[in-house]
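The numbering of the sequence shown is UniProt numbering, which starts it at 1 and goes up by one.
C-beta atoms are modelled at their ideal positions from N, C-alpha and C, and glycine is treated no differently.
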Amino acid sequence: MGKLRKSLIGREDIPDRIVLARKEKCTSRIPPFPPSYQLLRIYTDATFSQQWLLLLSVTNFRIDLKLQAKASRFYAEDEENIKSQHKKILLVLDKLQGGDYDWSKTERTLSDVEELQCRIISLKESINETCLSISKLRDEELFPQLVGFCDGLVKMWRTMHECHQEQDCVSQHANHLDNSLGNDPTTDSRHHAICQLEAEVTSWYTTFSNLFRCQREYIRILNQWVKMTDCLPETNNLTGSTSNIHDFCDKVQGVLDRLPDKAAAEAINSFLLVLRSIIRQHTEEHNLQKRSDRLKSRLDKEMVSFQTLEKDNQHAKLEALKKKAEEEKVKYLHSVRTSRAMMLNHLQRGLPNVFQTLMGFSSTCVQALNNITSPMGVVASFP
């Protein structure tokens with residue numbers, strides 16, 4: 001407190017300077033500063049409590065000084081900003097009044113804005129016309145063509161069902177073929193026929209698998225495209241054409257996804273494996289035939305040589321060769337009987353199985369597709 005008292009002695013000019021600063025920098029909006037500083041010298045010799053009150057008064061005085069300085073600075077900054085903005089506005093007005101401003105720029109800008117507005121309106125009209133055209137093509141051309149496509153699939157599988165029925169009847173006649181084991185070798189024409197059948201069944205299997213893969217992919221992409229046209233305007237709000245084609249695409253995609261084509265393809269592939277096993281057996285038979293023929297030819301030459309020379313040491317060699325030729329001939333004849341039995345048994349079992357499987361599959365296709373194409377939902381029936 002002694003130091004504080006000494007610091008305050010001899011500073012009688014503080015009130016005058018504060019008042020002068022307030023008069024110069026503050027406006028009428030700032031409230032008058034409280035005159036607590038006038039009591040400083042009166043209470044310098046007071047008691048401890050009075051000294052404590054004096055300290056509080058001095059502290060408040062300092063805070064008031066800081067607040068007043070900040071308020072004065074804020075008012076000065078606001079005044080400078082307003083003066084700067086006002087000066088800029090006056091300069092702009094002076095340019096406009098003095099004719100220094102280029103009005104042609106404003107006219108060009110207004111012209112460009114009007115042109116852009118016209119182009120925007122034109123583009124909006126073009127977009128609306130394009131959207132209506134797409135909606136019209138979707139509802140009046142794509143939808144009927146999709147229905148016709150599904151109706152064509154119904155007719156195709158109905159025709160395939162009839163064809164597979166006839167093929168099944170023909171394949172049943174294979175059961176009446178002579179199943180007795182014969183020694184007739186496989187001819188070149190028969191082997192060529194089996195190879196040709198294997199090539200056709202291979203193409204059949206590949207085409208059958210690709211058919212359903214492409215159909216499913218086509219309907220999936222078409223369904224996605226139709227769903228993307230939800231934002232387009234309706235060609236006829238009363239018909240609800242968009243929902244119709246949406247529902248139809250969903251139904252077609254669901255039908256194609258549920259068709260048991262894998263079972264039918266597996267039946268074709270099983271028959272293909274049977275044909276390839278027959279071809280391998282024919283190849284083995286042909287190799288055994290060539291080996292047997294070579295040994296027979298060699299045996300004939302050795303016999304002619306033995307009769308001409310009549311050497312005793314050639315007799316054992318001739319007998320061994322004759323035995324080997326007989327063994328190869330037995331192998332060859334066994335291969336011939338195996339080829340004949342394999343061809344008859346496999347064809348008797350394989351052909352009816354594949355055609356009956358395809359009959360059931362084609363019937364399922366007709367019924368499933370007919371349910372979504374027929375207006376009354378009539379399901380086709382087969383005997």
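Beta-carbon spacing of residue i, residue j below 8 Å
i: L259; j: C365; result: yes
i: G350; j: V252; result: no
i: L358; j: L153; result: no
i: L256; j: I221; result: no
i: S133; j: T229; result: no
i: S292; j: Y332; result: yes
Separation of residue j from residue i, as counted between CA atoms
i: I372; j: M160; result: 20 Å
i: H246; j: R138; result: 11 Å
i: C169; j: E327; result: 42 Å
i: T207; j: S270; result: 16 Å
i: S363; j: R158; result: 7 Å
i: L84; j: L91; result: One detail in the question is off: residue 84 reads as Ser in this sequence, not Leu. If you take the alpha carbons of S84 and L91, they lie about 11 Å apart.
i: D112; j: I121; result: 14 Å
i: Q167; j: P352; result: 8 Å
i: A199; j: A193; result: 10 Å
i: K227; j: E266; result: 34 Å
i: A380; j: E162; result: The predicted model places A380 with a pLDDT of 41, which falls under 50 and marks its position as unreliable, so this point remains unresolved.
i: C214; j: L272; result: 22 Å
i: Q80; j: T109; result: First, the residue type needs correcting, since residue 80 is Glu and not Gln in the sequence shown. When rounded, the distance between both Cα atoms is 34 Å.
i: Q117; j: K105; result: 18 Å
i: D261; j: E140; result: 32 Å
i: P144; j: E217; result: 20 Å
i: K317; j: S171; result: 52 Å
i: H176; j: D188; result: 24 Å
i: F48; j: I82; result: With a pLDDT of 41 at F48, under the threshold of 50, the modelled position of this residue cannot be trusted; read the value that follows with caution. Rounded to the nearest angstrom, the two C-alpha atoms are 51 Å apart.
i: residue 385; j: S126; result: The first residue shown for the chain is 1 and the last is 383, placing residue 385 beyond what the model contains.
i: S374; j: F212; result: 22 Å
i: residue 388; j: R190; result: In the structure as shown, the chain begins at 1 and stops at 383. Residue 388 is therefore absent and cannot be evaluated.
i: K329; j: K290; result: 10 Å
i: F149; j: Q367; result: 15 Å
i: R119; j: N210; result: 49 Å
i: L344; j: R337; result: 11 Å
i: K87; j: K124; result: 45 Å
Limits of the unbroken alpha helix (DSSP H) element including residue i
i: S203; result: D188 to M228
i: H173; result: Here H173 belongs to no alpha helix (DSSP H), and DSSP marks it neither H nor E.
Other residues of its chain near residue i: CB distance less than 7 Å, five sequence neighbours each side excluded
i: S339; result: T186, Q281, H282 and E285
i: I268; result: V201, W204, Y205, F208 and V354
i: L238; result: Bear in mind that a pLDDT of 39 at L238, under 50, signals an unreliable position, so the number given afterwards is only what the model happens to contain. Nothing listed; no residue qualifies.
i: L347; result: A174
i: H164; result: F355, L358, M359 and S362
i: L197; result: L275
i: G254; result: none
i: A21; result: Residue placement at A21 cannot be trusted, given a pLDDT of 43 that sits under 50; the coordinates are not used to answer.
i: S335; result: E284, E285 and L288
i: D94; result: none
i: D151; result: T373
Close beta carbons around residue i, own chain, < 6 Å, minus the five adjacent residues each side
i: D184; result: none
i: F361; result: A264
Neighbourhood of residue i by C-beta, 8 Å cutoff - its chain only, sequence neighbours within 5 removed
i: K324; result: L295
i: L146; result: L222, I245, F248, C249 and V252
i: M342; result: S277, I278 and Q281
i: C195; result: I279
Any non-hydrogen atom of the ligand NAP closer than 7 Å to residue i Cβ
i: R216; result: Summarising the ligand content, the structure contains no ligands, and the ligand NAP is consequently not present.
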